[in-house]
Amino acid sequence: MARIAMKPLSPVSQLFLSPGFYGVIVFTLGFKTRCDPSAIVEGITNTWIKLPRFSSKVETDDKKNGEAVWVPVSVRVEDHVIVPDLDHSNIDNPDQFIEDYTSNLANTPMDMTRPLWEFHVLNIKTSNAESLGIGKFHHSLGDGMSLMSLLYASSRKISDPEALPTTAATRKHVESNSNWWLVGRLWLMIRIIFTTIIDLFKMSLTLCFMRDTKNPLMGKPGDRIRPRKVIQRIISFDDVKFVKKTLKMKVNDVLLGMTQAGLSRYLSKTYGEEPVVGKKTILEKIRLRGTVAVNLRPHTKIEDLADMMTKGSKCRWGNFIGVVMFPLWIRSEDDPLDYVRRAKATMDKKKISMEALVSYGFIKFLMKVFGQKVVDTVSTRMFGHTTLTFSNVLGPCEEISFFKHPMSYVGASALIGPQALIIHFVSYVDKIIINLAVDTTVIPNPHLLCDDLVESLNIIKLAVVEKGLHKMEV
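The sequence shown lines up with residues 507 to 980 when you count with our numbering.
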């Protein structure tokens, strides 16, 4: 009998299997109509199952020193599409019910004896949807960009049922042949090398001993993964675009500035009147950093993402991400726009750094030479010495249908590592969904934190209007 073909997991995928860094991704799809489970089963059968990882389980290969490998198995899609029997008469608050359901799902260990994914269909009406689909993937299957490709491949435009969704176009840089262009390129190379060396030096210090200042958002030293509460909030993408366009920045700059302002508001309330220590307030003395996952794929066009599951695709499936450490500006600023300006200044430096690529290569090297235990220790120290994880994913720009179900919104959270706070932003048409995954033993009032994030965007937008920085349309 022929031996079943087995494929080893990538170093990053193996990391997500370790007890200290166990990770899952939970995403929520809000639908505008009642959900048909049979249509979901049919759609998944025709798309997701074609990807080997969705029809394989993870086993340890004793012949390869206990290396984790993908083992193909027979899959019955109906066993992975779950339709809970809901007693609607006892559901007084549907929004709270979905929040509790999602949090419970996120914290329930996955069955490692079968393919590591499941999709829940809930025909319950909430404030933002007529029904919902909640998916849960083990992070070893792939990163956020890989799983976003599933959404694209499973969806079509509402305006054109045969067409793939679209995302925001990225402007291409037009190169010049002048001598000044050559000088500019040389200067850019110098900046890249210098910035990368500084970032790697700071990362080395963090791995050795440099920990964020003790603060109400950070777990205790040595904390391992604990249950988290998952909450979501929808805000206007147009408000973010308004600030972005007026200040001539990127969406990421605005969202990071909003995050810095929101965290500063929350911590200011937590500390009370901000007592002065020496000549500085407590907020000014805080060193607070976030880890940011960076997609390392060179091809991120919508067609590349949708074709990621096909053989020979230029866009790589799996966990092809690096990590950068991002210093957050925590202050009580008189001018709210300073949070956004600070975010842009830091982002501009990070964009030219090779920190993400080097960190990915470093993890691969450690896994190959020293094994999973060393990688687990190093990764846990990096995430344990920082306060939070932050990410932003731009979603479809036009309304789409998921296996013929018109969508209202999409949200996602990646629950990894020992940090007590994880913040993800996902956009859909004219909405941005704030996703928080919070350890409530550290942050007992996550809704208040979410309120501060939302209020910070409103304050930033109001500051733009009051300063008259925007041009009135006639």
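Glycine included, C-beta positions come from ideal geometry on N, C-alpha and C.
This one's a predicted model, so the numbers in the text were calculated from it and none came from an experiment.
Comparing alpha-carbon positions, which option in Trp835, Trp823, Phe896, Ser561 lies nearest Met512?
-> On the sequence shown, residue 512 is found 6 positions in, with the first residue counted as 1. For the residues Trp835, Trp823, Phe896, Ser561, the minimum Cα distance to Met512 belongs to Ser561.
Which stretch, first to last residue, makes up the beta strand (DSSP E) that contains Asp567?
-> Here residue 567 refers to the residue found at position 61 when the sequence shown is read from its first residue. That run of the beta strand (DSSP E) goes 562-567.
Where the alpha helix (DSSP H) containing Pro952 begins and where it ends | Sequence index remark: in the sequence shown, residue 952 carries index 446 (1-based). Element bounds for Pro952: 952-972.
Could you spell out where the beta strand (DSSP E) holding Val884 opens and where it closes?
-> As a working mapping, residue 884 is identified with position 378 in the sequence shown. Run containing Val884: none in the beta strand (DSSP E); it sits in the alpha helix (DSSP H), 878-890.
For Asn634, which residues from the same chain have a beta carbon less than 7 Å from its beta carbon, with the 5 sequence-adjacent residues on both sides left out?
-> Within the sequence shown, numbered from 1, the residue matching residue 634 stands at position 128. Within the same chain, Asn634 has close Cβ partners Gly536, Ile740, Ser914, Tyr915.
Provide the residue span of the beta strand (DSSP E) that contains His930, from first to last.
-> Here the question's residue 930 lines up with position 424 in the sequence shown. Counting along the chain, the beta strand (DSSP E) containing His930 begins and ends at 927-934.
Under the three-state DSSP convention, the category Trp576 falls into = Position 70 of the sequence shown, counted from the first residue, corresponds to residue 576. Trp576 falls in the strand class under three-state DSSP.
Name the DSSP beta bridge partners of Trp623, please?
-> Taking the first residue of the sequence shown as position 1, residue 623 is located at position 117. DSSP lists Phe643 as partners of Trp623.
Note down, one range per segment and in chain order, each beta strand (DSSP E) of at least 3 residues found wholly within the segment 693-754.
-> 735-742
For Gly768, name the three-state secondary structure that DSSP assigns.
-> The residue labelled residue 768 in the question sits at position 262 within the sequence shown. Residue state, collapsed to three classes: helix.
What do you reckon, are the CB atoms on Ile550 and Val583 nearer than 8 Å?
-> Here residue 550 is taken as the residue at index 44 of the sequence shown, counted from 1. Here residue 583 is taken as the residue at index 77 of the sequence shown, counted from 1. In this structure, Val583 lies closer than 8 Å to Ile550 by Cβ.
Give the straight-line distance between the Cα atoms of Ser770 and Leu789, rounded to the nearest whole angstrom.
-> In the sequence shown, the residue the question calls residue 770 occupies position 264. In the sequence shown, the residue the question calls residue 789 occupies position 283. The alpha-carbon separation between Ser770 and Leu789 amounts to approximately 8 Å.
On the three-state DSSP scale, how would you describe Gly867?
-> Translated into the one-based positions of the sequence shown, residue 867 becomes position 361. If DSSP states are grouped into helix, strand and coil, Gly867 belongs with the helices.
Could you name each continuous beta strand (DSSP E) segment of 3 residues or more that falls completely within the segment 525-565, going from the start of the chain to the end?
-> 530-537
Does the distance from the CB of Lys856 to the CB of Phe832 come in under 8 Å?
-> The count along the sequence shown starts at 1 and reaches residue 856 at position 350. The count along the sequence shown starts at 1 and reaches residue 832 at position 326. Yes, the pair counts as a contact, with Cβ atoms nearer than the cut-off.
Going straight from the alpha carbon of Tyr934 to that of Tyr658, what length do you get?
-> The residue given as residue 934 occupies position 428 in the sequence shown. The residue given as residue 658 occupies position 152 in the sequence shown. One C-alpha to the other measures close to 12 Å.
If we call anything under 8 Å between Cβ atoms a contact, is Ile597 one with Ile640?
-> By one-based count along the sequence shown, residue 597 stands at place 91. By one-based count along the sequence shown, residue 640 stands at place 134. Taking 8 Å as the Cβ cut-off, Ile597 and Ile640 do not qualify as a contacting pair.
Counting pairs of Cβ atoms below 8 Å between the segment 958-976 and the segment 788-804, do you hit three or more?
-> no
When DSSP labels each residue in this structure, what does Met992 get in the three-state scheme?
-> A query on residue 992 cannot be resolved here, the shown segment of the chain reaching from 507 to 980 and no further.
Thinking C-beta only, is Phe625 closer than 8 Å to Val581?
-> As a working note, residue 581 is residue 75 in the sequence shown. As a working note, residue 625 is residue 119 in the sequence shown. Cβ atoms of Val581 and Phe625: not closer than 8 Å.
Hey, how far is the Cα of Lys644 from the Cα of Arg559?
-> Sequence index remark: in the sequence shown, residue 644 carries index 138 (1-based). Sequence index remark: in the sequence shown, residue 559 carries index 53 (1-based). According to the sequence as given, residue 644 is His; it is not Lys. The straight-line gap from Cα to Cα measures roughly 11 Å.
Note down, in chain order, each residue of its chain lying with its Cβ closer than 6 Å to the Cβ of Asp958, except the 5 sequence neighbours on either side.
-> Within the sequence shown, the letter at position 452 stands for residue 958. Excluding positions up to five away in sequence, the list reads Gly768, Arg771, Tyr772.
DSSP on Ala920, reduced to helix/strand/coil?
-> Looking up residue 920 in the sequence shown gives position 414. Here Ala920 sits in strand by DSSP.
Can Asp718 and Arg795 be called in contact, C-beta distance under 8 Å?
-> By 1-based counting over the sequence shown, the position of residue 718 is 212. By 1-based counting over the sequence shown, the position of residue 795 is 289. For Asp718 and Arg795, yes; Cβs fall inside 8 Å.
Bridge partners - Val944, DSSP secondary structure assignment | On the sequence shown, position 438 is the one that residue 944 refers to. DSSP output for Val944 lists Lys735, Leu927 as bridge partner(s).
Arg847 lies in the beta strand (DSSP E); which residues open and close that run?
-> Your numbering for residue 847 matches position 341 in the sequence shown. First-last for Arg847: 843-857, but that is the alpha helix (DSSP H), not the beta strand (DSSP E).
Rounded straight-line distance, which links the Cα of Val736 to that of Thr619 = Looking up residue 619 in the sequence shown gives position 113. Looking up residue 736 in the sequence shown gives position 230. Between Thr619 and Val736, the C-alpha separation is close to 26 Å.
Start and end residues, alpha helix (DSSP H) containing Ala799 = Here the question's residue 799 lines up with position 293 in the sequence shown. Counting along the chain, Ala799 falls outside any alpha helix (DSSP H), though it belongs to the beta strand (DSSP E) covering 795-801.
Between the C-alpha atoms of Met724 and Asn613, what's the straight-line distance to the nearest angstrom?
-> As a first step, residue 724 must be located in the sequence shown, where it is residue number 218. As a first step, residue 613 must be located in the sequence shown, where it is residue number 107. Looking at the two C-alpha atoms, the distance is approximately 20 Å.
Name, in chain order, the residues that DSSP records as bridge partners for Lys874.
-> Position 368 of the sequence shown, counted from the start, is the residue given in the question as residue 874. None, per the DSSP bridge assignment.
Would you kindly report the start and end of the unbroken beta strand (DSSP E) that includes Thr895?
-> Mapped onto the sequence shown, residue 895 falls at position 389. Unbroken beta strand (DSSP E) run through Thr895: 894-899.
Return yes when the Cβ of Gly828 is within less than 8 Å of the Cβ of Ser774, no when it is not.
-> The residue you call residue 774 lines up with position 268 of the sequence shown. The residue you call residue 828 lines up with position 322 of the sequence shown. Against a cut-off of 8 Å, the Cβ pair of Gly828 and Ser774 comes out as no contact.
Find the nearest neighbour of Asp542 within the set Arg848, Leu628, Phe527, judged by alpha-carbon distance.
-> Taking the first residue of the sequence shown as 1, we reach residue 542 at position 36. Minimum Cα distance to Asp542 is reached at Leu628.
Kindly indicate the opening and closing residues of the beta strand (DSSP E) around Ser907.
-> Position 401 of the sequence shown, counted from the start, is the residue given in the question as residue 907. Per DSSP, the continuous beta strand (DSSP E) segment holding Ser907 begins and ends at 906-908.
Measuring CB to CB, does Leu694 end up less than 8 Å from Arg887?
-> What you label residue 694 is simply residue 188 of the sequence shown in a count that begins at 1. What you label residue 887 is simply residue 381 of the sequence shown in a count that begins at 1. Not in contact: Leu694 and Arg887 (Cβ atoms no closer than 8 Å).
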